[in-house]
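So that you can map any letter, position 280 of the sequence shown is 280 in the numbering used here, and since no number is skipped, the others follow by simple counting. Worksheet: the structure to be examined is printed underneath.
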Amino acid sequence: MIGVKPDGAGVLGDWGSPRRGRAGEGDRVMSATDGSEVFRSDRRLFMNTVLAAGTALFSGTAATVAADENSAEHPLQAALREVREAHRLVRKMSSYECTFTKKEVVDDDLISQKMKLKIRHDPFSVYMLFQEPREGREVIFVTGQNDNKLLVHETGLAALIGTLSLSPEDPRVKAENRYPITKAGMANMVQGVIEQWEAETKYGECDVKYFSDAKVEDYTCRVIESSHPQPRKQFPFQMTRLWIDEKTQLAVRVQQFGFPKKKDAKPPVIEDYLFTDVQPDLRFTDRDFDTDNPAYNY
1 MIGVKPDGAG
11 VLGDWGSPRR
21 GRAGEGDRVM
31 SATDGSEVFR
41 SDRRLFMNTV
51 LAAGTALFSG
61 TAATVAADEN
71 SAEHPLQAAL
81 REVREAHRLV
91 RKMSSYECTF
101 TKKEVVDDDL
111 ISQKMKLKIR
121 HDPFSVYMLF
131 QEPREGREVI
141 FVTGQNDNKL
151 LVHETGLAAL
161 IGTLSLSPED
171 PRVKAENRYP
181 ITKAGMANMV
191 QGVIEQWEAE
201 TKYGECDVKY
211 FSDAKVEDYT
221 CRVIESSHPQ
231 PRKQFPFQMT
241 RLWIDEKTQL
251 AVRVQQFGFP
261 KKKDAKPPVI
271 EDYLFTDVQP
281 DLRFTDRDFD
291 TDNPAYNY
């Protein structure tokens, strides 16, 4: 299962200069601010920007509110309250179908994939139908079944070998994915951000901003962004953006950016996961995650 390499990671646009609060290294008293990238506020018009993944304009209106620097609460705590609620909402759904678009760095290559995705939470079950690349490839995984392996059906000449049974740790699978299939779906994506931010509340050097009216696909979102001024072993990413759909309150996108290798360079995109056309609670049955389903091409 080989991924594709796009021409580049895209362009991360220039930022405006919103007020922000920061704490020093090791400080437990933090500041949080709201800021903007491509936002029209009462005080300033920020220039349009194309995001690093190149899939949406990050635009909207930002309110700028600096936290009290004497506050004992880490600025990520307020962000965590919102993210935990978004996680609760997606876990409340028994299942869903959506379009999943991802860009992620694997072994120094930026791999892009788009697919139809079916998720059932209990038992955890996944069906993938690839749209690009490898159009027509199908993948099924059900926890506790098929020896906990992926059942993969390729297309073209590769289909002649029949259904492949692959471990989530198989090198052919890991060549295209940063995470195993057991981490697929919106709930796992959001849980990853929760765990990251919970760990980062132990440290200073953190800046948190909130954006409103940010656009991606047909969504109008509010965006929570955390960032760190310099690399530290406790910070896996320089910047994290989590997008919450204003209509459904679901977290539909997570972006992770690395630390630039050169001064004044743009943070490179490391992960970009987007869920669109989400259809909740479709009452999936075991048949939806079975290679014998006549609607599938196994």
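Don't be surprised by glycine CBs; every beta carbon is placed ideally from N, CA and C. Quick caveat: nothing in here was measured; it's all calculated off a predicted structure.
- The stretch 181-199 makes no contact with the stretch 281-291: fewer than 3 CB pairs, one atom from each, lie closer than 8 Å.
- Put simply, the stretch 135-153 touches the stretch 289-298. At least three CB pairs are less than 8 Å apart.
- When DSSP states are grouped into helix, strand and coil, Leu-157 belongs to the helix group.
- According to the DSSP assignment, Lys-174 belongs to no beta strand (DSSP E) but to the alpha helix (DSSP H) extending over 171-174.
- In the DSSP assignment, Pro-280 falls within the beta strand (DSSP E) that extends over 269-280.
- In this structure the stretch 110-123 does not touch the stretch 222-239; the number of beta carbon pairs closer than 8 Å is below three.
- The C-alpha of Lys-215 lies about 43 Å from the C-alpha of Ile-161.
- Taking C-beta separations shorter than 6 Å and ignoring five residues to either side along the sequence, the partners of Phe-259 in its chain run Pro-231 and Gln-238, following chain order.
- The way I'd put it, the stretch 79-95 does touch the stretch 241-258; three or more beta-carbon pairs between them come closer than 8 Å.
- Straight across, the Cα-Cα distance linking Asp-218 with Arg-241 is about 18 Å.
- Taking a C-beta distance under 8 Å as the contact criterion, Thr-163 and Leu-76 do not qualify as a contact pair.
- The beta carbon of Tyr-273 lies closer than 7 Å to those of Lys-102, Met-189, Arg-253 and Val-254 in the same chain, with the five residues before and after it left out.
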